[in-house]
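Protein chains in written order, with the numbering used here: chain H, 25 to 137; chain V, 239 to 349. The C-beta atom is built at its ideal place from N, Cα and C for all residues, glycine as well. Since the model is a prediction, treat every value here as computed from it, not as a measurement. Each remark here refers to the structure printed beneath this line.
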Amino acid sequence: EAQVTQNPRYLITVTGKKLTVTCSQNMNHEYMSWYRQDPGLGLRQIYYSMNVEVTDKGDVPEGYKVSRKEKRNFPLILESPSPNQTSLYFCASSRGTGGVEAFFGQGTRLTVV
Amino acid sequence: GQQLNQSPQSMFIQEGEDVSMNCTSSSIFNTWLWYKQDPGEGPVLLIALYKAGELTSNGRLTAQFGITRKDSFLNISASIPSDVGIYFCAGQNNAGNMLTFGGGTRLMVKP
């Protein structure tokens, strides 16, 4: 079954404690991206990757890092989380360029206290 | 970055009614997409539009890519309870490397 898998689904952490949210896709897609969803703001792109070892900033990259060492994995790293990073995070992958026709994971709800 | 204005923010309708929502932008987009998000899930693609003026249907859903490339609408005919969810429009930028999402329309359907 084609899918994008994120882990964990829920995470509560404290300010400043480094964390990683993993994302894996089994569709051999070249394009992967991370979004955060906040009420009334829709989804905003954090980072994207057009292929292995190629990553670029989205609209809201501050406080986040990513890496793309393998085609299937695209982890999101928060080196020093802060409360304003409390949000619902989605990973997505797509066959097409620019994230068109993206498949989304089920989301990771992160709370930073 | 680019912004999409999606309206209405929410709708509460009777089962069987038709629904219309739209997105507008001050910038031109190459591609318009419409997604639906069910509670606790990630968005799922409903319709993709690739050409200005294009009108595309998917069952009871119809969407159009505006001629100016700055707007799009989504219509749902004869709504049913499972249409409940949040609908998002999204546009692909001219560089072809990013999507911008609207703020979403929360649809509630009364049986």
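The alpha helix (DSSP H) runs of length 4 or more contained entirely in the stretch 243-308 of chain V do not exist; there are none.
Distances from the CA of G82 of chain H to each of H:L67, H:L102 and H:E103 were compared; the closest alpha carbon is that of H:L67. Residue environment analysis places Y288 of chain V among the exposed positions, since fewer than 16 neighbouring C-beta atoms fall within 10 angstroms of its C-beta. Residue range G323 to Q330 is occupied by the beta strand (DSSP E) that includes G329 of chain V. In the DSSP assignment, R119 of chain H is bridged to no other residue. Close to P277 of chain V, with beta-carbon spacing below 9 Å, lies no residue of chain H; the smallest spacing is near 11 Å. With the rule of 3 Cβ pairs closer than 8 Å, the stretch 84-95 of chain H does not count as touching the stretch 296-313 of chain V. Residues of the stretch 51-62 of chain H that bring their beta carbon within less than 9 Å of a beta carbon in chain V comprise Y55, S57, Y59 and Q61, in sequence order. Using a Cβ-Cβ cut-off of 8 Å, F128 of chain H counts as an interface residue toward chain V, since at least one Cβ of chain V sits closer than that to its own. Counting along the chain, the unbroken beta strand (DSSP E) around V28 of chain H starts and ends at V28 to N31.
Here L337 of chain V is buried, its C-beta having at least 16 other C-beta atoms within 10 Å.
The beta carbon of M74 of chain H lies closer than 8 Å to those of E54, Y55, D80 and T121 in the same chain, with the five residues before and after it left out. With respect to T135 of chain H, Y113 of chain H sits apart: the two C-beta atoms are not nearer than 8 Å.
Counting only residues of its own chain and dropping the five nearest sequence neighbours on each side, K95 of chain H has a CB closer than 6 Å to the CB of V76. DSSP places Q109 of chain H in the helix class (H, G or I) of the three-state scheme.
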